[in-house]
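Trainee: In the numbering used here, the protein residues as written are 1460 to 2131.
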Ligand SMILES: [Zn+2]
């Protein structure tokens, strides 16, 4: 449905406005405009209606804006002096304008407008047509003014077992009348929406069992359009109309009365399987029990930015210059464009009263965030100059007060923006910032408690660049702070022996340590520094911790070290004695090459069977921030593999193979 609206807007913009033709950055002439404005047939008076650069604009605090919004059931959120104006449509669609930005964001879409909101003489002006379109209004220009009307934006049918359901979506609260014409040849239901224009097409085929087709037509004057739905039904078919939301309506067509009720319609909700860990290990061991995340000071204290901002010429500059220093933004007219950073991974750690979402980035970014007032309570973060690797997706958090969290590539032009939206059922407190000790990790902590009373509704922040050691970056992507360091993780240990082969007296935790120690020797000989997550038979981290805490402790070792690579060493096992050979696992798509290179070299050197690389969400390769793989070195449950694993020479060959793979992938440690 949103897509329909967005497409409509784009068409209008392309046909009516010369995009980019209006220069920015010069004082903005604003002249008074005496046009009449009608909304749903009612005249709305504006005190601050004006003309600027050939377009009608309105002062944001004009009572006309409030009246317009009230008629269509929309809301506005704006704090004087800030750069953001946010509107919520009656159907929940979010619209956000940024001062100086030629893009308005409408839910998941970004739409170009000739110019964005601007300050003039301390008054914030918003382009009226851009606002109306974003609000999903039909715009009619007449001599002496404009008429706006909400629209029917989608009509969709679902043919079920014994009935047909027609879903109708509009951009403002719906009112309707229905009528039945029982003519023997063409019985017809007509649903009339006074005051609504039509953006939902003209006909819908209804399949022919309960009804043949539905025709959508607009009548009435442009200032007060009326949209009619006529449904060409079979004889004996009944209709029921059910309001499913303030802007949505379901029409049910059925032969039997009891099939008209709505409660039996909808499919059962799909079950979500979470792969997130069960507990919340602390990312930062030194952290006090306060639920506040370890964030950099400038990010944790969001600062509404200083006023006159329209000098900025593009979005990236606007956001990047939104730092706490007000002078900075005006003084430099063209901040150099920051490079595009990638969001490689999104992970979640839940605890009883908070969830932390961690975004693993390839470098520093800036972001802005918004919070809607009750009862909407949505909170979103726009990360600028960022590209999301992988599809838009839902992020599962365990917090009961959070309905959903979604992340998507919100915008690509003129700049890349990744948006994360948190939709809570009641107010939540959110803090955003860098995670201490974990370079390029942006932490978003959602707390079950409401935000402080005086909390601002929007702000900006940065994930700062990690202070680099003197040597240059070795990779284009993540910048390890210790590019000559490799962390090796011998799987299991202590009270967790891993897999066991009784007959051969083989224990996984002993074998993984034996291979890891051989690998360490190999790598050190080649000039690498090596850290083992354990160098004896013990648990890593708290011996009483649960599995995830144990695994997180291994990740903490790697993440805190700023290592170049993380290699976890395991031995496979199966209930059946059939499976055999080596498998190297990766999680992030970007780690596939590392996995393949190590797999090739290890299979070649060891002579063990090659069972290929696989993608699997193992904890340690998901929650480490550097390129990470986990190698299952043959099967303890397979007779042939177990014979090999019992020979120290085979362990030597495995270690030599992994070391060779690391060399093939990295080219060796950086020159000192
Ligand atoms: Zn294992």
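A virtual CB, placed ideally from N, CA and C, is assigned to each residue, including glycine.
These numbers were taken from a predicted model, which means no experiment stands behind them.
For residue 2107, which of 1972, 1572, 1714 has the nearest alpha-carbon?
Mentor: Start at 1 with the first residue of the chain shown, and residue 2107 comes out as number 648. Minimum Cα distance to residue 2107 is reached at 1972.
Trainee: What do you reckon, is the C-beta of residue 1967 under 7 Å from a heavy atom of ligand 1?
Mentor: One-based indexing of the chain shown puts residue 1967 at position 508. Within the cutoff, so yes.
Trainee: Starting from residue 1853, follow its DSSP beta bridges and name the residues at the other end.
Mentor: The sequence position of residue 1853 within the chain shown is 394, counting from 1. DSSP output for residue 1853 lists 1865 as bridge partner(s).
Trainee: Looking at C-alpha atoms only, which residue of 2015, 1886, 1923, 1897 is the closest neighbour of residue 1947?
Mentor: Here residue 1947 refers to the residue found at position 488 when the chain shown is read from its first residue. For the residues 2015, 1886, 1923, 1897, the minimum Cα distance to residue 1947 belongs to 2015.
Trainee: Which first and last residues belong to the alpha helix (DSSP H) in which residue 2098 is found?
Mentor: Locating residue 2098 in the chain shown gives position 639, where the first residue counts as 1. That run of the alpha helix (DSSP H) goes 2098-2104.
Trainee: Alpha carbon to alpha carbon, what distance is there between residue 1685 and residue 1870?
Mentor: The residue given as residue 1870 occupies position 411 in the chain shown. The residue given as residue 1685 occupies position 226 in the chain shown. The alpha-carbon atoms of residue 1870 and residue 1685 are separated by roughly 35 Å.
Trainee: Under a criterion of Cβ closer than 5 Å to any non-hydrogen atom of ligand 1, which residues qualify, in chain order?
Mentor: Chain-ordered list of matching residues: 1950, 1957, 2029.
Trainee: Using 8 Å as the Cβ pair cut-off and three pairs as the minimum, do the region 1620-1628 and the region 1576-1593 touch?
Mentor: The region 1620-1628 is not in contact with the region 1576-1593.
Trainee: Within 10 angstroms of its Cβ, does residue 2075 collect 16 or more other Cβ (buried), or is it exposed?
Mentor: Translated into positions along the chain shown, residue 2075 becomes position 616. With fewer than 16 Cβ atoms within 10 Å of its Cβ, residue 2075 is classed as exposed.
Trainee: Kindly give me the distance between the Cβ atoms of residue 2062 and residue 2089, rounded to whole angstroms, as I take these residues to be in contact under 8 Å.
Mentor: Here residue 2062 corresponds to residue number 603 of the chain shown, with the count starting at 1. Here residue 2089 corresponds to residue number 630 of the chain shown, with the count starting at 1. The Cβ separation is near 16 Å, so there is no contact.
Trainee: Closest to residue 1885 by C-alpha separation, out of 1801, 1879, 1858, would be which residue?
Mentor: On the chain shown, residue 1885 is found 426 positions in, with the first residue counted as 1. For residue 1885, the nearest C-alpha among the options comes from 1858.
Trainee: Between which two residues does the beta strand (DSSP E) carrying residue 1901 extend?
Mentor: Counted from its first residue, the chain shown places residue 1901 at position 442. Here the beta strand (DSSP E) through residue 1901 covers 1900-1906.
Trainee: Considering only the alpha carbon of each residue, which of 1856, 2018, 1799, 2094 lies closest to residue 2069?
Mentor: For the purposes of this step, residue 2069 is taken as the residue at position 610 of the chain shown. Minimum Cα distance to residue 2069 is reached at 2094.
Trainee: Quick check on residue 2121: does DSSP put it in helix, strand or coil?
Mentor: Position 662 of the chain shown holds residue 2121. Looking at residue 2121 - three-state DSSP - the assignment turns out to be helix.
Trainee: Please confirm whether residue 1843 and residue 1874 have their CB atoms less than 8 Å apart.
Mentor: Taking the chain shown and counting its residues from 1, one reaches residue 1843 at position 384. Taking the chain shown and counting its residues from 1, one reaches residue 1874 at position 415. Cβ distance < 8 Å, so residue 1843 and residue 1874 count as in contact.
Trainee: Take residue 1707 and list the residues in its own chain whose beta-carbon comes closer than 6 Å to its own, dropping the five residues that flank it on each side.
Mentor: The residue given as residue 1707 occupies position 248 in the chain shown. These residues qualify, in order along the chain: 1628.
Trainee: Please report the straight-line C-alpha distance between residue 1619 and residue 1687, rounded to a whole angstrom.
Mentor: Here residue 1619 refers to the residue found at position 160 when the chain shown is read from its first residue. Here residue 1687 refers to the residue found at position 228 when the chain shown is read from its first residue. If I take the Cα positions, the gap works out to 24 Å.
Trainee: By DSSP's criteria, residue 1639 is part of a beta bridge. Which residues make up the other side?
Mentor: The residue labelled residue 1639 in the question sits at position 180 within the chain shown. DSSP, once it has assigned bridges, lists 1648 as partnering residue 1639.
Trainee: Can you tell me whether DSSP reads residue 1774 as helix, strand or coil?
Mentor: Taking the first residue of the chain shown as 1, we reach residue 1774 at position 315. With a pLDDT of only 29 at residue 1774, under the threshold of 50, the placement of this residue in the model should not be trusted, and no figure is reported.
Trainee: Does DSSP put residue 1563 in a helix, in a strand, or in coil?
Mentor: As a working mapping, residue 1563 is identified with position 104 in the chain shown. Here residue 1563 sits in strand by DSSP.
Trainee: Cβ of residue 2084 within 8 Å of Cβ of residue 2013?
Mentor: Position 625 of the chain shown holds residue 2084. Position 554 of the chain shown holds residue 2013. No, these two residues do not count as a Cβ contact at 8 Å.
Trainee: Is the distance from the Cβ of residue 1880 to the Cβ of residue 1837 below 8 Å?
Mentor: One-based indexing of the chain shown puts residue 1880 at position 421. One-based indexing of the chain shown puts residue 1837 at position 378. It is a contact, given that the beta carbons lie within the stated cut-off.
Trainee: Please list, in chain order, all residues of the same chain as residue 1876 whose beta carbon is under 6 Å from its beta carbon, the five residues on each side excluded.
Mentor: Numbered from its first residue, the chain shown carries residue 1876 at position 417. So the list reads 1841, 1843, 1869, 1870, once near-sequence residues are dropped.
Trainee: Does DSSP put residue 2109 in a helix, in a strand, or in coil?
Mentor: Position 650 of the chain shown, counted from the first residue, corresponds to residue 2109. Looking at residue 2109 - three-state DSSP - the assignment turns out to be helix.
Trainee: Which stretch, first to last residue, makes up the alpha helix (DSSP H) that contains residue 1591?
Mentor: By 1-based counting over the chain shown, the position of residue 1591 is 132. Here the alpha helix (DSSP H) through residue 1591 covers 1587-1593.
Trainee: By the three-class DSSP mapping on this structure, what secondary structure does residue 1920 have?
Mentor: In the chain shown, residue 1920 corresponds to position 461, counting from 1. Correct three-state label for residue 1920: strand.
Trainee: Looking at residue 1845 and residue 1824, is the spacing between their C-beta atoms short of 8 Å?
Mentor: As a first step, residue 1824 is located in the chain shown; it is residue number 365 there, counting from the start. As a first step, residue 1845 is located in the chain shown; it is residue number 386 there, counting from the start. Contact: yes.
Trainee: Can you check which of these residues, 1505, 2097, 1490, 1967, is closest to residue 1579 by C-alpha distance?
Mentor: The residue labelled residue 1579 in the question sits at position 120 within the chain shown. Looking at the Cα atoms, 1490 is the closest of the given residues.
Trainee: What is the rounded straight-line gap between the Cα of residue 1829 and the Cα of residue 1652?
Mentor: Start at 1 with the first residue of the chain shown, and residue 1829 comes out as number 370. Start at 1 with the first residue of the chain shown, and residue 1652 comes out as number 193. Their Cα atoms are separated by approximately 34 Å.
Trainee: To the nearest angstrom, how far is the alpha carbon of residue 1802 from that of residue 2086?
Mentor: Taking the chain shown and counting its residues from 1, the one referred to as residue 1802 is at position 343. Taking the chain shown and counting its residues from 1, the one referred to as residue 2086 is at position 627. If you take the alpha carbons of residue 1802 and residue 2086, they lie about 14 Å apart.
Trainee: Going by DSSP in three states, residue 1843 sits in which element: helix, strand or coil?
Mentor: Here residue 1843 is taken as the residue at index 384 of the chain shown, counted from 1. Of the three classes helix, strand and coil, the one that applies to residue 1843 here is strand, per DSSP.
Trainee: The beta strand (DSSP E) spanning residue 1528 covers which residue range?
Mentor: As a position in the chain shown, residue 1528 is number 69, starting the count at 1. Unbroken run through residue 1528 is the alpha helix (DSSP H), 1522-1531; no beta strand (DSSP E).
Trainee: Return the bridge partner residues of residue 2176 from the DSSP annotation.
Mentor: The chain is shown only over 1460 to 2131; residue 2176 falls outside these bounds and no answer can be derived.
Trainee: Pick from 1494, 1697, 1630: whose alpha carbon is nearest that of residue 1530?
Mentor: Counted from its first residue, the chain shown places residue 1530 at position 71. If we check each option's Cα against that of residue 1530, 1630 comes out closest.
Trainee: Taking the alpha-carbon positions, what's the residue 1672 to residue 1662 distance?
Mentor: Stepping through the chain shown from its first residue, residue 1672 is reached at position 213. Stepping through the chain shown from its first residue, residue 1662 is reached at position 203. Cα-Cα distance, rounded: 7 Å.
Trainee: Please work out which residues of its chain come closer than 7 Å, Cβ to Cβ, to residue 1419, disregarding the five sequence neighbours upstream and downstream, and give them in chain order.
Mentor: Shown here, the chain extends from 1460 to 2131; a query on residue 1419 therefore has no answer.
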